[in-house]
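J.: Residue numbers (the numbering used here), protein chains in the order written: chain A, 80 to 287; chain B, 1470 to 1789; chain C, 11 to 366. Where a beta carbon is used, it is the ideal one built from N, C-alpha and C, also for glycine. Sharing a structure below in structure tokens format, with a few things to ask.
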Amino acid sequence: MKTSLTPVDAPSIRSRPVYAVLESRPASLHLIVADGEGADAVVEMLDKANDRSGMLAAAHVMYTPGPDGADHGAALEAIGAAQFFRAPTIPSLLPRLQRVLLDAHMGTQFYLAGTEGLIGQAEREIMNTGFPHVAIQKEHRGSTVRRVQCVHCKGITENVATDPFKCSHCGLNLFVRDHYSRRIAAFQGVNIDAEDPGKVPESVVRFK
Amino acid sequence: MSGGAKLPVRVAEVVEVNELIKRFRFVSRDGSDLPAFSGGAHVVVEMDDHGTRRLNPYSLMSDPEDRSAYEISVRRDDQGRGGSLFLHRHVKPGMEFVLSHPMNLFPLDNRARKHLMIAGGIGITPFLAQIAQLSHFSGKFELHYSARSKPLGAYMDRLSSAHPGKVHCYFDNQSQQINLKTLLATQPIGTHLYVCGPKGMINWVLSTAESMGWPKLALHHEEFLAPGTGKPFEVQLAVSGKTITVGTAQSLLEAMEAAGVDAPYLCRGGACGQCETNVHKCDGTILHRDHWLTPEEHAEGCKIMPCVSRFEGKTLVIER
Amino acid sequence: MSLDFKPGAFSDFFRDETFRESFTYRNSPDAIRRFPFPFDRDEYMYSVNMEPHVPGRKGSVFEKTFDVDEHYVSEMIDRAKVLADDPLRCQSLPHMTLAGWDTLELIMEAKARDYPQWFSLTKEGDRWHWINRPLGIDHTFTFLDESTLPYGPFEYIMRQTQGDWTLQDERDGTLWLDAGVATSQADWSADFDIGMNFHEWHAPVPLAHDLGVFDRALKFLLKLQHGSPVRRFNWTMTVNPLLDTSPENYPKWGPTKTTLTQENLGRKQHLRVELQSLYRLPRSNAIAFDIRCYLGSFEQIVTVPKWGRRLHRIVRDLHPDLATYKGFIRNRPAMAEWLSKYDDGAPTSPGWWPED
């Protein structure tokens, strides 16, 4: 089943990240990081690649299932990249990415696919090397749950589905803004009942 | 507001670096410190060449923390419009000039893990200041510098002895060339590349890097265009209500200034966009020579960059 | 090493006042006359409205590059408290250290030149001797050597400078907010916004993007030259003379918006004016952005009849999206009602000066 390529609304404000379809580009190393249904985006890119075997021979793939349990890892492993790594979670994937970045060279192409949480956290690691973030390819697939930072206590709540939601750290009722920080790799959550404590609108599922 | 605040200076020293290049040292007329600047910055030097007003941009090459003076190096261009010839033939210590404040259209990206610099000929000048600035903060860099011959390799000895192992020199007359592909393949992630030199060299470096997967935003180049010469042409200025003629060795911007029309500028080399002007009417062909407007904008003909671009045809009316 | 204030000098000029709990902040009669009332006409809409930041009318807040007024010492004490509570309010990404030194130099040189009775800077090569008499600071350090300062250069000078500041790195044809201090901000989070580019950190502002305001402003700023600073106004509304209206502390100050009555509104409701000035920095090629905050209570503003009439018309007629963004939509009817008593409908003269 093919999900829509960018299952998020058109950017409401200019800090909202935008995504595009992955395309193969010339590189000495293709570093591919995906979660959940992001695996499909990578498979489709490879199907369209001019030099599929050349790309696979220089590809390092890191994968973890999505926050909703979506696991398309078998299909991704089957494409036969030179290196394939499967991590149980995003936090267990990131140390390997950091290690690979330590001695990566210019001429590496970065491909990130899947949920915004995975894309944002991988992008942050790559950006920290001084590599221009605009040149990192990002395609959103699968779950739209959000990684949200509470602007008050600074704690990050993963996989936020409802708006408003309760901060998993300080317990304040937060509404989810589209304002996004690449440095923190999170959307901003702001207390919704600050002016009228206790008057919290009914929570609705906005992100699935 | 064209050009902003100005710096009144005096020539303190003129040094012949080699048969083509002279170095000029400017100090402030009242002996005060000049502003510090960022490596890669240029100043616009205002010259009175026997009645012709010239405003030419030159990269600052001195140490940005040396506030006692600014230094530029100028390569003599016998075929040019005359600015370099004026500096080479007529400028002596003690003469007074006016400089713009430094401005930088070729800055270092300070987040870079490493700065890879590629220079050709007189294109070395911005790198001299950048290297001096990086040296104050232990910034990591590597310079690859080609010149036609050893005698024309200005400042090579100084750079090589100050930064052993980081400066690599190449001479055309010994058929030496940068091994660009190997160089570009071995740079750590987060490296930014800077190139300044002849147009052909810039194109070679940028296109090779892009074909090897380097992102555009990690590639920086500086190419000042001399305004160039051409046939004289007439222009109507809609706002000031004047009609002016642009001479063979004059730019449209210079012709406007000579007619007393205040027009904005920064680089005077087709790069910064400051002098962009709307075209009201064009019966003829605009000879676009800038890097600022997009190819689409060049084709539309609704805008012109008066610092470098010219016109051939019947009528040109611009908003100025 | 730390930066201990020993205030007390010039106490006949610098007011001892608070911006929290007891809220003893007031403007003296002289300070009201020089209040930077931001409206030069009876209606308001966004515009880029930049002008050269050159010395202005004598006695006005434009007279010097950096206005040091009667609130200086108390504002610096308030900043130190905010930073002690939350050090994330002042941050500088690693590549911005040089821009921090540029900012320190800009401020020290200007203050020593414009206020020699309060500030002094003497240099012997790299050894700089800085005296800040109002705050009781006497310090010798090595320029460009961070190890000789108790904080990074940016934080060091920000602890002695009124206004919130951001430092913007220029890259890739835009500006990046890569350093900033925010202890007197109008509801934006420095911690969250640091690292964003010009359009991203302005993203939450309504209407202005569609008007092209930010595209024009960015184009203008990229051409900003060293030695030719510019300035503009912005404004918002704050209940109580509270400098720290941060999103971080919104749960603490948000409820005060519900405390206004017609009886206390004149005293509690403040017009909050930002005098913003922008400087191209020499060594880093970054742009420093000073967001200087002036607070005036409604009852003090309306002592100038022209300002009372005009403020009423502005508050009454403002686009609802802007009133929402500026955070006073819920109190707008009460504010307009209170101000209407000071608007007899007479015409107002153009410009913002009180007497013109």
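Would arginine 44/C pass as a contact of glycine 66/C if the rule is Cβ separation under 8 Å?
T.: no
J.: Tell me, please, whether the stretch 146 to 157 of chain C touches the stretch 12 to 24 of chain C by the rule of three or more beta-carbon pairs shorter than 8 Å.
T.: yes
J.: Please report the distance separating the alpha-carbon of leucine 177/C from that of leucine 103/C.
T.: 10 Å
J.: Looking at threonine 255/C and histidine 280/C, is the spacing between their C-beta atoms short of 8 Å?
T.: no
J.: Who are the neighbours of arginine 104/A on chain B, taking C-beta pairs under 7 Å?
T.: Gly1682
J.: Name the two residues that bound the continuous beta strand (DSSP E) containing proline 343/C.
T.: Looking at the DSSP string, proline 343/C is not in any beta strand (DSSP E); the run it does join, the alpha helix (DSSP H), is 342 to 350.
J.: Can you name the residues of chain C whose CB is closer than 9 Å to the CB of aspartate 275/A?
T.: Gly264, Pro265, Thr268
J.: Less than 8 Å between the beta carbons of valine 1512/B and proline 1571/B, yes or no?
T.: yes
J.: Tell me whether alanine 41/C sits in a helix, a strand or coil according to DSSP, three-state version.
T.: helix
J.: On the three-state DSSP scale, how would you describe proline 247/C?
T.: Reading the sequence as shown, one finds methionine at residue 247/C and not proline. In this structure, methionine 247/C counts as strand in the three-state DSSP scheme.
J.: If you run the structure through DSSP and keep just helix, strand and coil, what is histidine 151/A?
T.: DSSP places histidine 151/A in coil when its eight states are reduced to three.
J.: Relative to the C-alpha of methionine 1516/B, which residue among Asp1502/B, Cys1751/B, Lys1561/B, Val1567/B is closest?
T.: Val1567/B
J.: Straight-line CA distance for histidine 109/A to tyrosine 190/A?
T.: Rounded to whole angstroms, histidine 109/A to tyrosine 190/A spans 7 Å at the Cα level.
J.: Output, in chain order, the set of chain A residues within a Cβ distance shorter than 7 Å of alanine 213/C.
T.: Ordered by position in chain A, the residues that pass the 7 Å Cβ test against alanine 213/C are Ile92, Arg93, Ser94, His258.
J.: Rounding to the nearest angstrom, what Cα-Cα distance links proline 214/C and lysine 336/C in this structure?
T.: 11 Å
J.: In chain B, what lies closer than 7 Å to leucine 180/A by C-beta?
T.: Close partners of leucine 180/A in chain B (Cβ separation under 7 Å): Ile1658.
J.: Taking DSSP as the reference, what is the three-state secondary structure of threonine 1746/B?
T.: strand
J.: Counting only beta-carbon separations shorter than 8 Å, does proline 257/C have a partner in chain A?
T.: yes
J.: Quick check: the Cα distance between arginine 1479/B and leucine 1554/B, rounded to an integer number of angstroms?
T.: 19 Å
J.: How is proline 1701/B classed by DSSP in three states: helix, strand or coil?
T.: coil
J.: Going straight from the alpha carbon of threonine 1677/B to that of threonine 187/A, what length do you get?
T.: 15 Å
J.: Can you round the beta-carbon distance between glycine 196/A and proline 146/A to whole angstroms, since I take them to be within the 8 Å contact cut?
T.: 7 Å
J.: With a threshold of 16 other CB atoms inside 10 Å of the CB of valine 227/A, please say whether the residue is buried or exposed.
T.: buried
J.: Check each residue of the stretch 280 to 294 of chain C: if its Cβ is closer than 7 Å to any Cβ of chain B, include it; give the result in chain order.
T.: Listed by position along the chain: Pro292, Arg293, Ser294.
J.: Can you find a C-beta in chain B that's less than 8 Å from the C-beta of lysine 233/C?
T.: yes
J.: Exposed or buried, cysteine 303/C, counting other C-beta atoms within 10 Å across all chains shown (16 or more means buried)?
T.: buried
J.: For chain A, check one thing: does any of its Cβ atoms lie closer than 8 Å to the Cβ of leucine 1675/B?
T.: no
J.: So what's histidine 1519/B in DSSP terms, helix, strand or just coil?
T.: Reduced to three states, the DSSP call for histidine 1519/B is coil.
J.: Expressed to the nearest angstrom, what Euclidean distance is found between the alpha-carbon atoms of tyrosine 1734/B and cysteine 1744/B?
T.: 5 Å
J.: Nearest chain B C-beta to serine 157/C closer than 8 Å, yes or no?
T.: Cβ-Cβ to chain B under 8 Å: no for serine 157/C.
J.: Compute the distance between the beta-carbons of proline 46/C and leucine 285/C, then report whether it is under 8 Å.
T.: In this structure, proline 46/C lies near leucine 285/C, with their beta-carbon atoms less than 8 Å apart.
J.: Could you tell me the distance, in whole angstroms, from the CA atom of glutamate 281/A to the CA atom of valine 255/A?
T.: 14 Å
J.: Could you tell me the alpha carbon to alpha carbon distance between lysine 217/A and glycine 205/C, rounded to whole angstroms?
T.: Roughly 19 Å between the two C-alpha positions.
J.: When you compare the stretch 27 to 45 of chain C with the stretch 1725 to 1733 of chain B, are there three or more beta-carbon pairs, one atom per stretch, that lie closer than 8 Å?
T.: Too few Cβ pairs lie closer than 8 Å, so no.
J.: Since valine 269/A meets chain C, which of its residues come closer than 8 Å, beta carbon to beta carbon?
T.: Pro257, Tyr260
J.: Leaving out the 5 sequence neighbours to the left and right, which residues in its chain are closer than 8 Å to proline 86/A when beta-carbon positions are compared?
T.: At proline 86/A the pLDDT is 31, less than 50, meaning the model places this residue with poor confidence; the figure from the coordinates comes in the next sentence. Here proline 86/A has His219, Arg220, Gly221, Thr223 as same chain residues with Cβ atoms under 8 Å from its own Cβ, once five neighbours each way along the sequence are excluded.
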